[in-house]
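Numbering (this note's numbering), first residue to last: 429 to 623. Positions of the beta carbon are idealized from the N, C-alpha and C atoms, including for glycine. Take a look at the structure below.
Have a look at this one:
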């Protein structure tokens, strides 16, 4: 059964069973990460269309395929992050899958590989250029909101600093990916102008 009726009174359960209000800082933090994961899922499916489009050059399709796999890996790690954020009990927390420093290092490697192929920035980027690139920016902005919520939570709860580092690096990845998508699509970036 999909519905349990247990949330009809405005509360929800954390991992471990403790019930809290649905606007609890912890719930808002992991709820925002859930929203981010959905946006990345949409982006991954957009990129899947590119990696399977036989009208696109094979090498470009391979790059899209690589990005697709990276996004899927990030989604899995975001689910780990959500679960950790939803867990208040230390004993339960220790038994859960954990994010590792290598998770962040791996993402930094992906960022560096894309960034090495991109032109240097001389102005602020305006989201757009293509649907896929714009969706990467939507995900990036939700990611930044999630980061703010996790930092807010960390001011009253004991939050592993690696969780903040991971979400921060995820937004960096999404920004670089938004630019990299346009490079692969041979489309122009939109830059801010004071005029």
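Spatial neighbours of residue 479 in its chain, beta-carbon cut-off 6 Å, leaving aside the 5 residues before and after: Position 51 of the chain shown holds residue 479. So the list reads 489, 492, 493, 496, once near-sequence residues are dropped.
Residue 554 - partner residues in DSSP beta bridges: The residue labelled residue 554 in the question sits at position 126 within the chain shown. Note: residue 554 sits in a beta bridge opposite 618.
Sequence-distant residues of its chain with Cβ nearer than 8 Å to residue 542 (five each side left out): Working through the chain shown from its first residue, we reach residue 542 at position 114. Answer for residue 542: 604, 605, 607, 608, listed in chain order.
Span separating the alpha-carbon of residue 601 from that of residue 520: Translated into the one-based positions of the chain shown, residue 601 becomes position 173. Translated into the one-based positions of the chain shown, residue 520 becomes position 92. Near 30 Å, if we compare the C-alpha coordinates of residue 520 and residue 601.
Buried/exposed call for residue 444, threshold 16 Cβ in 10 Å: For the purposes of this step, residue 444 is taken as residue 16 along the chain shown, with counting starting at 1. Label assigned to residue 444: exposed.
Of the listed residues 623, 564, 555, nearest to residue 474 (C-alpha basis): Here residue 474 refers to the residue found at position 46 when the chain shown is read from its first residue. Cα-wise, what sits closest to residue 474 is 564.
Proximity of residue 619 and residue 554 at Cβ, strictly below 8 Å: Counted from its first residue, the chain shown places residue 619 at position 191. Counted from its first residue, the chain shown places residue 554 at position 126. Contact: yes.
Candidates 457, 612, 514, 446, of which the one nearest residue 575 by Cα: Here the question's residue 575 lines up with position 147 in the chain shown. Residue 457 is the option with its Cα nearest to residue 575.
Enclosing alpha helix (DSSP H) for residue 459 [first to last residue]: Position 31 of the chain shown, counted from the first residue, corresponds to residue 459. Where residue 459 is concerned, the enclosing alpha helix (DSSP H) stretches over 453-479.
Nearest neighbour of residue 587, chosen from 485, 573, 509, 446 [CA to CA]: Indexing the chain shown from 1 puts residue 587 at position 159. Closest by alpha carbon: 509.
Pair within 8 Å by beta-carbon distance, residue 464 and residue 506: For the purposes of this step, residue 464 is identified with residue 36 of the chain shown, where counting begins at 1. For the purposes of this step, residue 506 is identified with residue 78 of the chain shown, where counting begins at 1. Contact flag set, yes.
C-beta atoms of residue 611 and residue 549 nearer than 8 Å: As a position in the chain shown, residue 611 is number 183, starting the count at 1. As a position in the chain shown, residue 549 is number 121, starting the count at 1. Cβ atoms of residue 611 and residue 549: not closer than 8 Å.
Closest residue to residue 537 among 504, 621, 598 (Cα-Cα distance): Here residue 537 is taken as the residue at index 109 of the chain shown, counted from 1. Closest by alpha carbon: 598.
Outcome for residue 513 when other beta-carbon atoms lying within 10 angstroms are tallied against a minimum of 16: Within the chain shown, the letter at position 85 stands for residue 513. Burial call: buried.
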